Each structure stands twice: as C-alpha cells, then as structure tokens.
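Since the structure comes first, as structure tokens, the remarks are kept for the end.
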Amino acid sequence: MAGAAISIVDVSHGYDQLPVLAGVSLEVPPGGRLAVIGPSGCGKSTLLSLVAGLEQPRAGRIAVGGQEPARERLARCALMPQDDLLLPWRSALDNAALPLVNAGVSRRDARDAARPLFARFGLAGFEDTAPRRLSGGMRQRVAFLRTLLAGKGVLLLDEPFASLDALTREELQAWLVDALDQEPRSAIMVTHDVDEALRTCPRVVVLSGRPGRVVLAGASADLTRDDVLEALRS
Amino acid sequence: MRRLAWIPALIVIIAAWQAWIDLRNVPDYVAPAPTGIGRALWDGRSTLASETLVTLREMLVGYTAAVVAGLAAAVLLHRVGWLRGAIYPLLVASQSVPVVAIAPLLVIGLGFGLAPKVVIIALVCFLPITVNALDGFASAPGDLRRTLRTLNASPRSIFWRVELPWAGPRIFSGARIAAAYAAIAALFAEYAGGSGGLADSMHDQLDTGLVGAAVVLLACLALGLFAAVAVLERIAVPWAREG
C-alpha cells in the first residue's frame, strides 16, 4: 500500500440491497495510468466516486497518496465526468480556470494560469468562446484542462470520450496520452471501449458484470483485444 | 412578426366587443363599450394619471419586496435542509389564506400608508419566486456538484458559482408570474385601506366606462412590469435563451 498513488484493497460497495462492487483490489503507482474496463452497471463510476472520497466503501480500504480519510482523498483527486458539464454562462477559459477560482485565486490570475494550457493543448483562440460554440471534442479538452487545473495529483476520468463520435474519440485519445505525458499525473480512466483502454493506459483492469470484481489485470503491452473481450464475457 | 401578433389579436377582440355592445344594445351599466372606456380614459386623464402613478409606486415597492423576500427565503430554505422541511409546507399553506382576511389586520397594524400595501403585494407575489428559485437551485445536475467538489469547490462556492446562476432562468420565470400578480395585488391592497390609486376609480361600479378605464390602466401596468422583467432576464441570463 505504501508508495502507491492509489491503493484499493478488497473494496465492496452497494446501494440499499444492490451489491455494486465485490472485493475489488488494485493499485496505481505514482504517475501511473490505469484503465478500468467493464460492462455497463459493473460499478466503474462508483469506484471513481469511492476513490475520490465522494462516498465511503461498505468494506475494504482505499488510500490516495497514503491517506485513507475521505476528506484527504477528496483533496488529492480531481474527477472528469462523461459529460463535459461546462458552465454555459462562462467562457471556455473561465470554465477551465474554475478550480483555481474555487481555491481562492483571483479571476484574473486564474485566467492567466489557464491561458498557456490553451495554447499548448490546441485551444488557442477559443479562450473567450462560449461552450455551446465549441465542438464536442473541444468541450472535452476544456473539461480536461479544468480537471488538470484543479492541481490534484490524481485524475479520475469517467468515460471522458464516450459521448464523442469515433473519429473525434480516436483523436482525443492520442491527445490525452500526449497531455498526460506533458503534465504527468496518476490517473484512473474508466471506459467500456477496449481499444481505448489498451491505447491510452499502460495497465488495464477488467471488471465483471455487477457486482464488479476484478477478472483480469495486466500490462496493456501484454494483453490483446481478445484477451480483454474474453475476460469481459467471462 | 410573431412578437407583434398580439396587436391584430387585440384589434379583433376590441372590434368584436364593440360589435356585441352595438348590435345587442347592451346598456352601459352591464358592460362598457370600448369607445366608452376610451372616452373615460380621455375625460379622466388627469385623475387617472395620478392614480396610475400611485398604484405603480405601490406595485414597484411591493414587487421589489416580494423579489427580495422570495429570494432570501429560497436561499435560506435551500441552504438549511431542516428549515426547508419545517417551513416550506407552511409557506405554501400561507397562500391559501385570503388576502381579504388579513388585509384589515395589516391596516390596523401598519396604518393607511404605503406599508400595509407593500406587505399585501409582497405576500401575494413572493411564493412563485420562492418556489421557482428553490426548484432552480435543485436543478443543477448532481454530477456537476460532485465533480466540482473534486475541483476545490466548497458548498458555498458551488451555490454561488453554479446553483444560483443555474437557477437564473427559473427565478425569472417566477418573477414574471409574480409581475403578472402584482397589479391585482396592488388593487387588493388599495381596497383594503386608503388609496389615491386606481381603486378609487372603481368604487362606482355603475360607471362602467371609468371602471373599464382603470382596468385597462391596471393591465398596462402588469404588462409593463412583466415586459421589464423579461428584458432584465435577457440581460441577466442570455445563455438560457441562446440554448
């Protein structure tokens, strides 16, 4: 457990009488990226909520940066949901800078801090554009920058490209890998896309159907698409 | 063009109304003709103008009090969960108390000046604002609130930066409904005690032309306030209209 950015040990969780996760254990090393793949309803998003400290597991232990209390996990994790959830009344730059403003930074300083990232990550010229005028892919980029600007060591990406068309998704997967290489963070990415999991993360964990339990874990380089699909069917 | 569609509709209604009065020889004391109302408006223009200003002042002060009180109540009930459970049903129930029942008490307590009228108008108008604001605060997506908690946001900043702006369109919906009530609430208030407003021109129910003239002016006040709130809405929450 010591030394891991994220450590999940024998975690079970559920809602009312419905078990959602059953005895899940996994680790993410500092700066590591892990893809969690599984069928719909297997508890992938719940796992992210638990890691982020938004919920407490019914059983098992979760530590982020060695800290187990929910408040400490919340202080170390930033969540990127499936929908971009950008605020329509704020410009793209103000949306991205929101975590800094939330942290008490003045709006001007927050915008100044966010602006260089727009230039570096292909959004230059769109700083003052309203979210509704951006394409789906650009909105997801802004949402990712917003997550990055929270200044947390751990990023939790919940099917970040699920709402995009195939071409844009592929383009953004490459963009994400590049972005995380430039701005290294420990990350868990939840997805139901096998290719996306293998392409974007060095390690992959496959969860079974509800209640989700780990049925396959390994390095992406050692796994084939068929290995993952077979595990998903098991 | 659709925005001006009310003009021909109004002309048709007035023409049909005038035709009904003329063709059926409806006497003045039963219903005023549009021409009779027009005549009353012209003949009593000086008195009606000063009465309109009095009623307008009551409306604006009462309506502003309703907006402030309605929003304050909504914020309080939203932020303090147990208070919402305890007070919200009572607020809704309070609307079933007829204004005519409490108006005399307010006049006894607050006198014949502006104060009881402001309270009556605020009582009639505040609930749509409170209910719509509360629904608006709660309508911010749960996923957004959860995400923002991981993006350094405190409950207070989630309220100010997300829930309040998110509720903007609904707050304005409530404010527009309240604006439509404000004129009739002002009339209730004037009937309850003291006046100088348009209620004075409605005391003689047999002078239907003058009553009609006062009703027309009251409708204009309601429409004017409604339109002013709609304009303010366009300025304050342009993103809601642009979708």
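As given, the protein sequences belong to chains A and B, one line each in that order. Heads up: the first sequence begins at 1 in our numbering, then just goes up one per residue. Heads up: the second sequence begins at 1 in our numbering, then just goes up one per residue. Don't be surprised by glycine CBs; every beta carbon is placed ideally from N, CA and C. These figures come from a predicted structure and were not determined experimentally.
Asked                                                                                                                                                              : Found
Compile a chain-ordered list of the residues in the stretch 98-115 of chain A whose CB is closer than 7 Å to at least one CB of chain B.                           : Leu-98, Pro-99, Asn-102 and Ala-103
With a CB to CB cut of under 7 Å and the five nearest residues on each side skipped, what residues in its chain are close to A/Glu-183?                            : Leu-148
For the beta strand (DSSP E) that A/His-192 lies in, which residues bound it at each end?                                                                          : Element bounds for A/His-192: n/a, residue is neither H nor E.
I want to verify the contact list: residues of chain B whose CB lies under 7 Å from the CB of A/Arg-146, in sequence order.                                        : Leu-151
Are the beta-carbon atoms of A/Arg-76 and A/Val-11 separated by less than 8 Å?                                                                                     : no
Quick check: what's the CA-CA separation for B/Leu-60 versus A/Ala-187?                                                                                            : 56 Å
For A/Ala-130, would you say it is in contact with chain B, using Cβ-to-Cβ distances shorter than 8 Å as the test?                                                 : yes
Are the C-beta of B/Pro-165 and some C-beta of chain A separated by less than 8 Å?                                                                                 : yes
Is it right to say A/Ala-166 is buried, meaning 16 or more other beta carbons lie within 10 angstroms of its own, or is it exposed?                                : exposed
Can the beta-carbon of A/Gly-43 be found closer than 8 Å to that of A/Gly-212?                                                                                     : yes
Nearest CA to the CA of A/Leu-30: which residue from A/Arg-90, A/Ser-7, A/Glu-72 and A/Asp-83?                                                                     : In the sequence as displayed, the identity of residue 30 of chain A is Pro instead of Leu. Cα-wise, what sits closest to A/Pro-30 is A/Ser-7.
Can you tell which of A/Arg-203, A/Thr-129 and A/Ala-78 has its C-alpha closest to the C-alpha of A/Thr-224?                                                       : A/Arg-203
For B/Pro-141, which residues in chain A fall below 7 Å Cβ to Cβ?                                                                                                  : Leu-85
Can you give me the start and stop residues for the alpha helix (DSSP H) that A/Pro-116 sits inside?                                                               : 107-120
Checking contacts by CB at 8 Å: is A/Leu-79 closer than that to chain B?                                                                                           : yes
Please state the DSSP three-state secondary structure of A/Leu-18.                                                                                                 : strand
Roughly how many angstroms lie between the CA atoms of A/Asp-112 and A/Leu-180, to the nearest whole one?                                                          : 21 Å
Which residue comes first and which comes last in the alpha helix (DSSP H) that contains B/Ser-92?                                                                 : Per the sequence presented here, residue 92 of chain B reads as Val, with Ser not at that position. Run containing B/Val-92: 81-94, per the alpha helix (DSSP H) assignment.
B/Ala-213: which of B/Trp-6, B/Ala-16, B/Val-12 and B/Ser-46 sits nearest, CA to CA?                                                                               : B/Ser-46
Nearest CA to the CA of A/Asp-158: which residue from A/Gly-65, A/Gln-82, A/Lys-152 and A/Asp-226?                                                                 : A/Gln-82
Please look up how many angstroms separate the CB atoms of B/Pro-104 and B/Ala-192, rounded, as I've assumed it's under 8 Å.                                       : 7 Å
Can you list the residues of chain A that B/Val-162 reaches, using a CB-CB cut of under 8 Å?                                                                       : Leu-87
Taking A/Val-154 as part of the beta strand (DSSP E), name the residues at either end of that continuous run.                                                      : 154-158
Ignoring anything shorter than 4 residues or poking outside the stretch 29-75 of chain A, list the alpha helix (DSSP H) runs there in chain order.                 : 44-52
Spell out whether any CB of chain A is found under 8 Å from the CB atom of B/Trp-239.                                                                              : yes
List the residues that DSSP assigns as beta-bridge partners of B/Met-59.                                                                                           : Paired residues: none, contrary to the question.
Just checking my contact of A/Ala-110 with A/Ala-92 at CB under 8 Å: how many whole Å lie between their CB atoms?                                                  : The pair is not a contact, with the Cβ atoms about 13 Å apart (cut-off 8 Å).
Assuming A/Leu-54 contacts B/Leu-144 (C-beta within less than 8 Å), just tell me the rounded distance between them.                                                : Rounded, the Cβ-Cβ distance is 13 Å, inconsistent with contact.
Pull up the distance between the alpha-carbon of A/Ala-63 and that of B/Leu-123, whole angstroms please.                                                           : 53 Å
Please determine, among B/Leu-10, B/Pro-34 and B/Pro-27, the residue with the shortest C-alpha to C-alpha distance to B/Gln-18.                                    : B/Pro-34
Output yes if chain A places a C-beta closer than 8 Å to the C-beta of B/Thr-147; else output no.                                                                  : yes
Quick check on the DSSP output: the alpha helix (DSSP H) that includes B/Ala-31 runs from which residue to which?                                                  : Unbroken run through B/Ala-31: none, as it is neither H nor E.
Do the CB positions of B/Ile-102 and B/Phe-188 come within less than 8 Å of each other?                                                                            : no
For B/Phe-172, which residues of its own chain have a beta-carbon under 6 Å away from its beta-carbon, when the five flanking residues on both sides are left out? : Glu-233
Can you say whether A/Cys-201 is buried or exposed, counting buried as having 16 or more other CB atoms within 10 angstroms of its CB?                             : buried
In chain A, what lies closer than 7 Å to B/Ser-157 by C-beta?                                                                                                      : Asn-102
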